[in-house]
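Protein sequence lines correspond, in order, to chains A and B. Quick note on numbering: the first sequence equals residues 1 to 219 in the UniProt record's numbering. Quick note on numbering: the second sequence equals residues 1 to 219 in the UniProt record's numbering. Don't be surprised by glycine CBs; every beta carbon is placed ideally from N, CA and C. Below: one structure, written as structure tokens.
Number of protein chains: 2
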Amino acid sequence: MEPRKRGAGGMSEQRRLRLRLEISREAARLFWEQGVAATSGDQIAEAVGLSTRTIWRHFRSKEACAEPVVMQGVVTLMRALRGWPREVSLEDHLAAELGGLTRENAPVDFADEMLAMKMIRLADTEPALRTAWLMACDQTEGQLRVVIGERLGRPDDDLEVRMAAAAAAAVVRVLDEHIGAAILGGADLAEFADARAVADRLARAIRTATGGLVGDPVA
Amino acid sequence: MEPRKRGAGGMSEQRRLRLRLEISREAARLFWEQGVAATSGDQIAEAVGLSTRTIWRHFRSKEACAEPVVMQGVVTLMRALRGWPREVSLEDHLAAELGGLTRENAPVDFADEMLAMKMIRLADTEPALRTAWLMACDQTEGQLRVVIGERLGRPDDDLEVRMAAAAAAAVVRVLDEHIGAAILGGADLAEFADARAVADRLARAIRTATGGLVGDPVA
DNA sequence: CCTTTCTTGTCACTAAGTGACATCCTGTCT
DNA sequence: AGACAGGATGTCACTTAGTGACAAGAAAGG
């Protein structure tokens with residue numbers, strides 16, 4: 001645990017998130033390579049070049065170390081949804097957002113997306129990771145409540161808004177699990193390269209789950 | 001930790017579940033009274049009259065001790081759904097099941113339901129309990145997949161079945177959180193005494209979330 | 001340059017969980 | 001009834017997750 005490069009004084013929120021992600025990457029890699037139980041906090045700390053104490057300053061538990069990486073699996077979609085203009089349909093907006101992604105402007109690394117899929121796959125057998133995945137989905141549900149709430153002109157804690165957000169988050173999660181499993185299972189990447197098709201699938205799932213409440217342009 | 005009454009030899013599955021529930025009750029009570037962090041495994045063990053070691057034999061972690069109680073919050077509904085005949089509509093079946101409940105034949109204690117609500121309320125501020133609640137909902141989602149799968153004549157792992165189950169479980173969860181918060185907040189119990197009204201609410205939410213796929217009688 | 005503030009490292013410590021082994025309970029076989 | 005087998009529990013030693021307290025270093029601002 002030699003004194004490596006330190007954090008900056010007055011650490012910005014962005015820097016904080018980047019550090020969390022960096023730790024999470026190493027943790028996820030170790031979890032995947034040797035299992036969660038066999039990975040110790042000390043190992044994670046050594047892999048990322050920090051003291052063990054600092055790991056626990058940034059994460060409340062070992063499993064929580066996986067959350068930022070796991071979250072990368074849905075962050076692209078959430079970013080797209082947050083910028084959804086009122087006068088555009090869900091299909092069109094998602095197709096435009098997802099179609100406009102290149103390796104440069106992509107908000108998340110492709111490697112991170114693969115890592116996220118691996119964590120979700122691991123979650124099938126490791127209950128500790130299952131909780132991390134569910135917590136990540138819970139976060140996105142909270143963000144969805146805001147998006148849907150302001151789109152419908154209702155408060156976030158409105159019961160219908162909450163149900164719509166929960167249902168939408170749930171189908172997105174299942175779709176995510178399905179696509180991730182397919183890719184890890186060796187499916188052809190090209191199958192998911194058609195932005196329009198993927199956007200339509202997502203949009204239709206969300207429309208269905210919300211009973212048509214979310215999807216159309218609103219005045 | 002004096003030697004109190006022991007478990008039976010050749011412990012049946014039912015006995016095992018009862019013991020887990022008993023431990024969970026004490027754990028939940030302590031969590032509610034003094035918080036999760038302030039409650040130690042030793043305290044739980046002493047409260048239930050077992051050795052600490054035995055607690056860890058039945059639960060993989062401290063937070064997991066809350067799961068059985070938390071699960072009581074949805075077990076009544078799940079039991080009703082598992083016995084849903086194909087030729088009956090969701091509204092009618094739920095109304096009949098929920099209406100036929102008395103203090104005697106109720107599958108779960110009223111005290112347990114209150115405890116469950118308290119745990120769910122605690123989950124708002126205690127991330128450890130949030131994971132327990134989400135894991136419990138995840139369990140119900142798995143059971144819902146079976147119910148919906150055989151009702152639709154499709155395998156449990158069919159994508160549409162999974163999405164429908166996830167969406168349904170999500171709205172049920174939100175409704176559960178909402179009703180629980182209302183009751184704990186001092187709402188009139190009588191508001192939820194009308195089985196027909198509650199059944200209709202649940203059924204409508206499930207119909208909406210599944211895009212009408214689940215709810216009608218099937219041939 | 002100096003101060004203030006924030007983060008990290010070190011170290012001691014509490015508590016969560018596990019392994020191993022002896023013990024005790026209970027159902028079953030004779 | 002008495003012996004036996006299987007399983008669950010208690011005890012104890014031990015590993016590891018996670019925290020508190022304090023000193024040291026690094027940036028930002030004057």
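For residue i, the three-state DSSP class (helix, strand or coil)
i: GLY149 (chain A); result: helix
i: GLU63 (chain A); result: helix
i: GLY83 (chain B); result: coil
i: PRO217 (chain B); result: coil
i: ARG4 (chain B); result: Note that ARG4 (chain B) scores a pLDDT of 34, beneath 50, so its modelled location is shaky; the value from the coordinates is reported in the next line. Three-state DSSP puts ARG4 (chain B) in coil, outside helix and strand.
i: PRO155 (chain A); result: coil
i: ASP138 (chain B); result: helix
i: ALA197 (chain B); result: helix
i: ALA190 (chain A); result: helix
i: ALA38 (chain A); result: coil
i: MET71 (chain B); result: helix
First and last residue of the uninterrupted alpha helix (DSSP H) at residue i
i: ALA123 (chain A); result: ALA123 (chain A) -> no alpha helix (DSSP H), and no H or E assigned at all.
i: ASP176 (chain B); result: 159 to 184
i: GLY211 (chain A); result: Looking at the DSSP string, GLY211 (chain A) is not in any alpha helix (DSSP H), and its letter there is neither H nor E.
i: ASP92 (chain A); result: 90 to 99
i: VAL108 (chain B); result: Counting along the chain, VAL108 (chain B) falls outside any alpha helix (DSSP H), and DSSP gives it neither H nor E.
i: GLU46 (chain A); result: 41 to 48
i: ALA28 (chain B); result: 13 to 34
i: residue 226 (chain A); result: Residue 226 (chain A) is absent from the structure shown; chain A starts at 1 and stops at 219.
Assigned exposure category for residue i - 16 Cβ within 10 Å defines buried
i: PHE110 (chain B); result: exposed
i: GLN72 (chain B); result: buried
i: GLU87 (chain A); result: exposed
i: LEU81 (chain B); result: buried
i: ARG15 (chain A); result: exposed
i: ALA219 (chain A); result: exposed
i: LEU30 (chain B); result: buried
i: ALA164 (chain A); result: buried
i: LEU50 (chain B); result: buried
i: GLU126 (chain B); result: buried
i: ASP112 (chain A); result: buried
i: ALA187 (chain B); result: exposed
i: GLY180 (chain B); result: buried
i: LEU162 (chain A); result: First, the residue type needs correcting, since residue 162 (chain A) is Arg and not Leu in the sequence shown. Under this definition ARG162 (chain A) is a buried residue.
i: ALA193 (chain A); result: exposed
i: ALA203 (chain B); result: buried
Check whether residue i and residue j have beta carbons under 7 Å apart
i: ALA170 (chain A); j: ALA170 (chain B); result: yes
i: LEU115 (chain B); j: ALA123 (chain B); result: no
i: ALA168 (chain A); j: LEU98 (chain A); result: no
i: VAL48 (chain A); j: GLU63 (chain A); result: no
i: VAL174 (chain A); j: ALA166 (chain B); result: yes
i: GLU67 (chain A); j: ALA132 (chain A); result: yes
i: THR76 (chain B); j: VAL108 (chain B); result: yes
i: ALA28 (chain B); j: MET135 (chain B); result: no
i: LEU184 (chain A); j: MET78 (chain A); result: no
i: ALA45 (chain B); j: THR52 (chain B); result: yes
- Segment contact flag, the stretch 204 to 219 of chain A with the stretch 198 to 216 of chain B, C-beta cutoff 8 Å, min 3 pairs: Counting C-beta pairs with one atom in each stretch, the stretch 204 to 219 of chain A and the stretch 198 to 216 of chain B have three or more that are closer than 8 Å, which means they touch.
Evaluate contact between the stretch 143 to 150 of chain A and the stretch 135 to 147 of chain B, counting only Cβ atoms and requiring at least three cross-stretch pairs below 8 Å. No: fewer than three Cβ pairs fall under 8 Å.
Decide if the stretch 48 to 59 of chain A is in contact with the stretch 17 to 33 of chain A; the criterion is three or more beta carbon pairs, one per stretch, under 8 Å apart.
-> These segments touch.
(request) Take every Cβ of the stretch 92 to 106 of chain A, pair it with every Cβ of the stretch 180 to 200 of chain A, and state whether three or more of those distances are shorter than 8 Å. (result) The stretch 92 to 106 of chain A is in contact with the stretch 180 to 200 of chain A.
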